[in-house]
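*Asks:*
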Amino acid sequence: MARVYQVPHHAFGWLVAGTFMAALPHLIHGPLWLRILLPATVLGRILIQRGRLPMPGRVLRVILLGGVLLGTLYTHGTVLGPDAGTCLLVAAFALKLLEMVRLRDAYVLLVLGYFVLATTFLFYQGPIASLYVLLSMLCLTAALPGINHPEAGARAWRHFRLALVMLLQAVPLMLLLFVLVPRISPLWSLEFSQERSRTGMSDSMAPGEVSHLSQSRELAFRVEFEGAVPPPAARYWRGLTYAWFDGRRWSQARPQEISQADYVWFPASPQPRPDWAATLVAARDEAAARGPVYRYRVVQEPSRRNWLYALAVPFADDTRLGLVRDLRLVSREELNQRRDYRVTSYPALRSSMPMSPADEAISLQLPEGFNPRAREMARRWYREAGSAEAYANRLLRWFREESFYYTLEPPLLGEHTVDEFLFGSRRGFCEHYASAFAFMMRAAGVPARIVAGYQGGELNPVGNHLRVHQYHAHAWTEIWLPGSGWVEVDPTAAVAPSRIEMGPEAALQDDPLADFQGIMRDLPWLQQLSNRFDYVQFIWQKWVLDYDESSQLSLLQRWLGDVSPARIGMALAAGAAVLLMPVALWVLLRRRGPGRTPMQREYRAMLKQLRGRGLVLSDDLPPRRLVREAGGQWPAARPVLKKWGRAFEESVYGGQAGTSLRALRRYRRQLRWLRGARGGQHVSPG
Amino acid sequence: MLAAVRAPLQRRYRQWLARRMPASRQQRLTQQRIFILPTRYGLFFLLIAALLFLGGINYENNLIMALSFLMTSLFMIAILHTFRNLAGLLVRAGQLEPGHAGAEGALEILLHADDRHPHLSLWLRWPGGPVEEVSVLPGEEKSVWLRLPLKRRGRVHPGRLHIESRYPLGLLRAWSQLDMAHPALAWPRAAPSEFCPASGGDAEQGLQHTRLAGSDDFQGLRSYQPGDPPRMVDWKAYARGRGLHSKYFADPAEGWLWLDWAMMPGVDPETRLSRLTWWVLQLEQKNQRYGLRLPGAELPPGLGPEQQRQALDLLALYGEEVA
Amino acid sequence: MEKVQRALARVGKVVLGKNEQIRLAVACLLARGHLLIEDLPGMGKTTLAHALARIFSLDYQRVQFTSDMLPADILGVSLFNADTREFVLRKGPVFTQLLLADEINRATPKTQSALLEAMEERQVTLDGDTYPLPLPFFVVATQNPVEQGGTFPLPESQLDRFLMRISLGYPSPEAELALLAAGDLRAEALDLTPALTVDELQQVMQAVEQVHASTDLLGYLQRLLEHSRSSGLFQAGLSPRAGLGMLRAARAWALLGGRNYVIPEDIQAVLVPVCEHRLQPVAGGAARGAAGRLLEAVPVVP
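Residue numbers (our numbering), protein chains in the order written: chain W, -10 to 675; chain P, 141 to 463; chain E, 110 to 411.
#1: Is Met366(W) closer than 9 Å to Leu411(W) when the C-beta atoms are compared?
#2: Quick one: using the 10 Å Cβ neighbour count with 16 as the cut-off for buried, is Ser337(E) buried or exposed?
#3: As an exercise, report each continuous beta strand (DSSP E) stretch of at least 3 residues that is fully enclosed by the stretch 390 to 446 of chain P, in chain order.
#4: Use the C-beta contact count for Asn214(E): other C-beta atoms within 10 angstroms, 16 or more gives buried, fewer gives exposed.
#5: If you reduce the DSSP assignment to three classes, tell me which class Ser316(P) lands in.
#6: Helix, strand or coil: which one does DSSP assign to Lys200(E)?
#7: If you count every other CB in all the chains shown that lies within 10 Å of the CB of Glu322(W), and 16 or more means buried, which is it?
#8: Is His386(E) helix, strand or coil when you go by DSSP?
#9: Which residues does DSSP pair with Gly417(W) in a beta bridge?
#10: Name the chain W residues that come within less than 8 Å of Arg484(P), Cβ to Cβ?
#11: In three-state DSSP terms, what is Leu329(W)?
#12: Hey, is Gln589(W)'s beta-carbon within less than 9 Å of any beta-carbon in chain E?
#13: Within a Cβ cutoff of 8 Å, which residues of the same chain sit near Val307(E), ignoring the five residues on either side of it in sequence?
#14: Can you find a CB in chain P that lies within less than 9 Å of the CB of Gly394(E)?
#15: On the DSSP letters alone, give me the boundaries of the beta strand (DSSP E) that Leu235(E) sits inside.
#16: Is there a Cβ of chain E sitting closer than 9 Å to that of Gly444(P), yes or no?
#17: When you compare the CB of Glu385(E) with every CB in chain W, is at least one pair closer than 9 Å?
#18: Which one of Gly185(E), Gly346(E), Lys127(E) has the shortest CA to CA distance from Asp269(E)?
#19: Can we say the stretch 390 to 397 of chain W touches the stretch 152 to 163 of chain W, given the rule of at least three CB pairs closer than 8 Å?
#20: Please confirm whether Val302(W) and Pro336(W) have their CB atoms less than 9 Å apart.
#21: Give the residues of chain W in contact with Glu374(E), contact being defined as C-beta atoms less than 8 Å apart.
#22: Can you find a CB in chain E that lies within less than 9 Å of the CB of Trp398(P)?
#23: Quick one: measure Cβ to Cβ for Ala277(E) and Ile146(E), integer angstroms, because I've assumed they're closer than 8 Å.
#24: Give a yes or no on whether 9 Å exceeds the smallest Cβ distance from Ser519(W) to chain E.
#25: Below 6 Å CB to CB, which residues in the same chain sit around Gln155(P) once its five sequence neighbours on both sides are set aside?
#26: List the residues of chain P that Pro291(W) touches, going by C-beta distances under 7 Å, in chain order.
#27: So with CB distances below 8 Å, who are the chain W contacts of Tyr153(P)?
#28: Tell me which same chain residues have a C-beta within less than 6 Å of the C-beta of Val172(E), skipping the five on either side of it?
#29: Quick check: the stretch 589 to 606 of chain W against the stretch 615 to 631 of chain W, are at least 3 beta-carbon pairs closer than 8 Å?
#30: Buried or exposed for Ile17(W), please, with buried defined as at least 16 other CB atoms from any protein chain shown within 10 angstroms of its CB.
#31: Measure the beta-carbon distance from Leu297(W) to Ser320(W) and round it to whole angstroms, keeping in mind my assumption that it falls under 8 Å.
#32: Looking at the strands, I want to know which residues DSSP matches up with Tyr688(W).
#33: Checking contacts by CB at 9 Å: is Ala190(P) closer than that to chain W?
#34: I'd like to know whether the C-beta of Pro14(W) is nearer than 9 Å to at least one C-beta of chain P.
#35: Are the CB atoms of Leu301(E) and Arg115(E) nearer to each other than 9 Å?
#36: Compare the C-alpha of Gly367(E) against each of Trp662(W), Gly643(W), Met155(W) and name the closest.
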């Protein structure tokens, strides 16, 4: 068996810490076997280092490698792709720790460590994760001087300090590269596996089938307003609409008569603009005069859906986004990455949206044979009310005044969901109320649809932005009133107005985090801290994660004027030179010997002063001889010189701390007033 | 084929080196004397950084890209640090430890860090010799003895001293090749011979060289004199009550011999030197004073390590120009 | 201290016109160092050694070295005593407080190294038993500078064992006149009244070690040592041992100057006798004066 390479003990800690930290994030979401494998190999390596375990033989290594391959196949079904690939990489990395036989293996392990570290960013991208990666990189980098310095006397913390210094010196250069190196579009398309859970809205809802609404605190998106922030009651973030009802389930639907080109309008596409879009665009200014205009920027967390969230009648400035006929935004592709987009919303523009027969038909559609009681009541009440508006108000009043309850855990409903809800259980959450309301409207002949999205959001005063969480998810209705167009009606607000005004936290009694949130309310500084951190995350998102081709272009245009490869190259070279120069000077300037002490400077000053008077004095004169020599050449100065010499000698060589520098300087000053040695003459060459 | 191309290239390289860094017994490692290139691991490191850059582009992941940039920057900073680890060092030729031709000798190299930072993990070697690793702390002067094989007698030029450092990260190697004007000295191989090529002996003391071979022989007992070493005292006789006597050997310190080149007519010069070398070692071992006569050189008789050293040096340098 | 001054004055009366050398010799002894005097015969080496022994009331032995001398002649020998049936040590002349080793370069290298080892370790090892030498223990060795037949000059490595090398040289005309007028002073040297008891001498030697050497002074000394190594003037620079020796000698010199701290002048005063025999100038450089060039090259205050 080959002799085991002994990592120098002062480097071993960094090596293990670095590799372990590099692999750790993958253990959190990795399969169980990986979670066991890594600590086991780290422990194994420690035992090998201490001589308690032999190196694993070739057979064992092959078995382990095979096991890892099988494990990856078992978990991911493949060994290709980012997920499986990362898993395999981390596992192989952990095994490499075991088979570190030579110095070369230690290098390979460490350099691979950087790679493993980078894959962390496939899964976590927050500022905390980045700090963590930086710290792990510090440990990995600290191991490098360790294995390069085999002497036993080296100190572990010195390696760390060196790594820290080098990384700090590298950071400015990294920032320069980050800003200036051109972003190119992906060379080939790589997709994450689709199994990854989708969060947020789904494209259909069936109120009777859900007995428990799980509400997570996960962030859905952030909104940063430019200018006015809408009041809480106006924060309806529309995601999609459900127009089709099959008796149990509401789903998204496009009327068959309307083509895809007429349904979605991508402003940047070469296809002709649909008529409705033209109408809306034309009416924008007028709407702005009539009502508020909200300009904001949404930072959407990856949802793996292609619909986006905005206030009513949104116009986005992103070429990849389009406006749909039901007044919401969609993206061409699913959002697998965080995405931010700028939106301008005109709430007053709702009334300008024309109603086509096809839209009207689908907005009145109801399946036959369901909910006979509700249908009957709808017809009756509509007759009694006389207008759609009065009918809707009566219905809302009924919700408010009868004993309807808002709950997150409603009973399951049978076949006639609306009948059972309205006249039986009367307990439900937004979906139940929205579903019942829309049904009642349609049954009375009023076009209605359900809107799914988010309502509300917490304002972070630090950054003037809203945080919208998954628990802000909401469903409400829109009815079409002639003259007003699609009007927002939120029946849940009639039952539980606080849900709209104050946010859903009141309903979150079951959430384990609710207590925590209560504590946060009580501790303002904690709340403040949380706000600040959220702001940091927001800034991080805005400036780091979303720094892409277009933001780079606009930034560079501002700095460099014209953006051409040559200019960028020059800027890179100049920037690198400017940044590296101080480091190079710091690193390369030879600093010889220790610096001078104040006393030594005093001696030099005296020598200079005497030479300035024309005295010829060599460098190797000790104080006494200096005094004698100088006194010989300048007799008038002898008494003062003697005093100076004695004081200097006692202080510098006599170990008497009492003699002060000030006294020496005073003697030297006295000399300045004396007349020159030989009238200031001295031998001058030539 | 390859050799035909390589030989002139290497010659060119050597000529260029000789112009750029002329021979000197004391040299400071300055910018023009230091070369720097990435190691295999450095290339691997850059490859990983490049892969991460591609990955960052493809996944549109700015952080992966940032990490790739950080690695690149770290590499560039490492160039400076690796350079600094070697730069400023004062390299001086020190003493030499001669050896016999065919064996090894050693040359001393002194490394002096007269600046304020340490120079760690430096590797030094002569071409063909083993590597020595040394670290020099600020203000320190370290002496390194570097062994080298001695192929032939005389002054042996060891070639260019190779100093290399990969500290701190091992991603780059900085090196220099210095001609230290520090020749090694190879004494002749010792070749035994029956006949001692020595002339005369000392007229005053009448010691014949023919007695030499048996000079260690036991000659008899004499009465003890103060100063006789205890190992010469015949303790057995003393125990038997015969009084204190010292064993008497042919006294080695009474005269001297002239080892003489001219005593071996018809033998080729290298063999003569080898035999003389053997006899120098022999006589030294036997505490016999000796002198040495070579054409054009003479070493007065003496004894002791100094004498042996001078005799061997004289033999080593026979026929060589005086430096 | 007065007594030491008095001792200096008294020695000055028998070794005429050599106050500087006497002072150095005394400093060397006070610094617990051995002294090598290199001079032609008849320059008063022996007189100086006698005077030193007397003035400090030390036991004194003189050995004239010859080529047939064996180590045992100096160190001694352990003999088997038939009556007690055990070995007894017959001590050699080295067991004394002040040993004058006259013409040390006449002895064979073996004998020389036996003495030099005893000097270094201040003990003698015979047949595996170790015998300490008396305290204090000084060797004053003399060496004839002219290379003569049958001499073995001390090798460099062993010269290092002597703290100082001084030479007396010819006397000045006045001193020579006085010398001629006074006649042989050697007898007077033997009649000198001791100025210090051995105990007092030991106290003074302890006081030498207490003399303060400031950081600045040590820095100056260090720069001198470093310059000897890096200047290229010498084949090999001064060893750390030389540095320590220089410091001890400078301390003694400072004490003789009536100071309890060392100043650069002290270093400068002892540098040449302490260092010159340890420095080998590179080929072409003059042996004498090389150490002096060291002084000129290194500024006292950086």
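Where a beta carbon is used, it is the ideal one built from N, C-alpha and C, also for glycine.
Just so we're clear, the structure is a prediction, and the values are computed from it rather than from any experiment.
*Replies:* In short:
#1: Yes, they are a contact pair.
#2: buried
#3: 396 to 400, 429 to 434, 437 to 442
#4: buried
#5: strand
#6: Taken through DSSP and simplified to helix, strand or coil, Lys200(E) comes out as strand.
#7: So Glu322(W) counts as exposed.
#8: helix
#9: Tyr395(W)
#10: As displayed, chain P neither begins before 141 nor continues past 463, which places residue 484(P) out of reach and without an answer.
#11: Contrary to the premise, residue 329(W) reads as Asp rather than Leu in this sequence. Reduced to three states, the DSSP call for Asp329(W) is strand.
#12: yes
#13: The residues are Phe165, Ser166, Leu167, Gln206, Pro245.
#14: With a pLDDT of 49 at Gly394(E), under the threshold of 50, the modelled position of that residue is not reliable, and no figure is offered here.
#15: 232 to 235
#16: Answer yes: the Cβ-Cβ gap between Gly444(P) and chain E drops below 9 Å somewhere.
#17: no
#18: Gly346(E)
#19: No: the two stretches stay apart, fewer than three of their Cβ pairs being nearer than 8 Å.
#20: yes
#21: Chain W residues near Glu374(E): Pro611, Arg613, Arg614.
#22: The beta carbon of Trp398(P) does not come within 9 Å of any beta carbon belonging to chain E, so the residue lies off that interface.
#23: Sequence check: residue 277(E) is Leu here, not Ala. Contact holds; Cβ gap of about 7 Å.
#24: no
#25: none
#26: Within 7 Å Cβ-Cβ: nothing; Pro291(W) doesn't reach chain P, min ~12 Å.
#27: The contacting residues do not exist; Tyr153(P) stays about 26 Å from chain W at best.
#28: Closer than 6 Å at the Cβ level, and outside the excluded window around Val172(E), lie Pro202, Ala210.
#29: yes
#30: exposed
#31: 6 Å
#32: A question about residue 688(W) goes unanswered here, because the residues of chain W that appear run from -10 up to 675.
#33: no
#34: no
#35: no
#36: Gly643(W)
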